[in-house]
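First up is the structure itself, then whatever we jot down about it.
Residue numbers (the numbering used here): 11 to 445.
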C-alpha cells in the first residue's frame with residue numbers, strides 16, 4: 011500500500027463534492043404528484059399512522075436503517091481533545107464504512123458539549139430520529155457514564171465503539187491465538203497496558219470469554235493498578251490486583267498475554283523476552299504500537315503478534331465489527347446491544363478466520379495464500395463474508411436474549427438479503443475506483 015501523505019489525504023477529502031458522504035432520495039421526485047406524496051399533503055398520512063402506532067415509524071421512515079455517529083471530539087482517533095468540529099472527518103469516515111460494508115445509513119453528529127450530563131440529554135432528545143446510536147471518540151471515564159445512562163434511557167441500541175469494537179475484534183483474535191498455542195483461557199495470565207475506555211472494555215469482555223479476573227494485571231501511566239493506589243476511579247478499581255508488583259516489567263514476567271492500548275514503545279525487548287512460552291502480544295497503540303513488529307519478531311519466534319496497523323499481519327480493526335453488529339441489531343429492531351450479542355460477534359469473527367480465504371481477498375492484500383495460523387488469526391477487513399457471518403450471529407443472539415422486537419423467521423432469505431445489500435455496494439466501489 012502506498013504511504014499516505016498529508017497532500018493525498020487533504021485532496022481526497024476536498025476534491026469534487028467536499029467531504030465523504032451525502033444524503034440521497036430513495037423515492038421518485040420527478041413529478042408534482044411525487045412531491046405531493048413526499049411532502050404536503052401526502053406526508054400527513056404516515057405522520058398520523060405513526061402517532062396512532064409509534065412502531066409504524068419503522069415502516070414509513072428511514073429510522074430502521076439509520077444510525078447516529080455522535081462525538082464531542084474529546085478523544086479523537088489518537089489526536090486527543092481536538093474538539094467536535096475537528097473530529098467531523100472521522101465521523102464522516104465512520105459513516106462511509108457503515109454504508110460500504112453493511113448498507114447502514116448514518117448521520118454524523120458532532121456535539122460541542124463536554125459536560126457528560128448535558129451530552130446525555132442531547133443524545134436522548136434526538137434519539138427518535140435513529141434506529142441506533144454509535145458513540146465515538148468520547149474520552150474516558152465520561153464515556154462509560156454516557157453509554158450506561160443512554161442504554162438505560164433508550165429502547166434502541168447504544169454502542170460506544172472505542173470500547174466494545176476493540177474488545178470484540180481482539181477477543182476474536184484471542185480465542186484463535188489460544189487455540190493455536192494450546193493455552194486455556196481460564197489459566198492465562200494477562201497484562202493490560204493502558205486503563206482507558208478500550209482497555210476496561212477489553213478486560214471486561216475477556217472475563218466474559220473466560221479469563222479469570224484475578225489473573226489480570228492492569229497498568230496505567232502511574233504504574234500497576236494495585237491496592238497501594240488511592241487515585242483510582244471506579245472503573246480501574248474493577249481490576250485492582252492483589253499482587254505486590256508496581257511496574258509493567260514486573261507484571262510481564264511469566265505473562266501469557268500482553269494487551270496494549272496505551273502509547274508507542276511502552277514494551278521493551280527485555281519485557282517481551284520475560285513472558286511465558288508462546289506469548290500473545292496485542293500491541294494496538296496507533297499509529298505506532300507499544301513494541302514494533304520488527305523488535306518483537308527479532309526478540310522471539312514463538313509469539314503471536316497483532317497490532318492496529320494494516321501493514322502488518324493480524325490487524326485488530328474495528329471495521330470487522332461495528333457495521334455488522336449494527337446491521338444485525340437493526341434488522342431485528344433490537345432494544346440494546348447486550349453482552350451476549352457482543353460475544354456472538356466475537357465468536358463469529360473468530361470462526362470465519364478458520365474458513366478458506368477467497369482468492370479475491372488474497373489478491374487485495376497481494377499475497378498468494380492466507381490460512382489460519384500465527385499470522386492470520388482474524389479475517390481481513392475486505393472479506394465480504396463478514397456481513398453474512400456476523401450480522402446473523404448478532405441478530406440471533408438478540409432474539410435468544412429477548413431484546414429483538416422484530417424476530418427473523420427465514421434465515422436463508424435473510425442471508426440472501428444481506429448478500430444483495432453487499433453486491434450493490436461492491437458495484438459502487440468499482441464505479442468509484444474507475445473514476
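No residue lacks a Cβ here, since even glycine has one placed at the ideal position from N, Cα and C.
Counting along the chain, residue 105 sits inside the alpha helix (DSSP H) bounded by residues 98–112. Each of 374, 24, 44, 314 was checked against the Cα of residue 185, and the nearest Cα belongs to 314.
By the C-beta criterion, the stretch 410–422 is judged to be in contact with the stretch 332–346, since at least 3 inter-stretch pairs fall below 8 Å. As far as DSSP is concerned, residue 87 takes part in no beta bridge.
Residue 170 carries a strand assignment under DSSP once its states are collapsed to helix, strand and coil. Taking 4 residues as the shortest admissible run, the stretch 331–408 contains the following complete alpha helix (DSSP H) segments, listed from N- to C-terminal end: 332–341, 349–362, 369–374. Under the three-state reduction of DSSP, residue 81 is assigned to strand. Here the C-alpha atom of residue 396 lies approximately 43 Å from the C-alpha atom of residue 237.
Straight-line spacing of the CA atoms in residue 105 and residue 32 works out to 10 Å. In this structure, the beta-carbon distance from residue 391 to residue 112 does not fall below 8 Å. In the DSSP assignment, residue 230 falls outside any alpha helix (DSSP H) and within the unbroken beta strand (DSSP E) covering 226–230. Residue pairing of residue 200 in beta bridges, as defined by DSSP: 226, 267. Between residue 69 and residue 141 a beta carbon distance of about 13 Å is seen, past the 8 Å cut, so the two are scored as non-contacting. A Cβ-Cβ separation of about 17 Å leaves residue 133 out of contact with residue 207 under the 8 Å criterion. With 16 or more other CB atoms across the displayed protein chains lying within 10 angstroms of its CB, residue 317 is buried. Taking all protein chains shown into account, residue 173 has 16 or more neighbouring C-beta atoms within 10 Å of its C-beta and is therefore buried. Burial check for residue 170: the Cβ neighbour count within 10 Å reaches 16 or more, so the residue is buried. Contact between residue 235 and residue 257 fails: their C-beta atoms lie close to 12 Å from each other, not under 8 Å. Residue 193 has its alpha-carbon roughly 17 Å from the corresponding atom of residue 262.
Annotation for residue 67: no beta strand (DSSP E) segment contains it, though the alpha helix (DSSP H) segment containing it runs 67–70. Straight-line measurement puts the Cα of residue 61 at about 35 Å from the Cα of residue 331. In the structure shown, the three-state DSSP call for residue 316 is strand. Nearest Cα to residue 178 within the set 95, 388, 148, 424: 388. Here the alpha carbon of residue 148 sits roughly 37 Å from the alpha carbon of residue 368. Only exposed fits residue 95, as fewer than 16 other CB atoms lie within 10 angstroms of its CB.
According to DSSP, residue 251 shares a beta bridge with 236. Following the DSSP letters along the chain, one finds residue 119 inside the beta strand (DSSP E) bounded by residues 115–120. Cβ-Cβ distances below 8 Å link residue 37 to 44, 47, 48 in the same chain, with the five nearest sequence neighbours on each side left out; the list follows chain order. Where residue 164 is concerned, there is no enclosing beta strand (DSSP E), because DSSP gives it neither an H nor an E.
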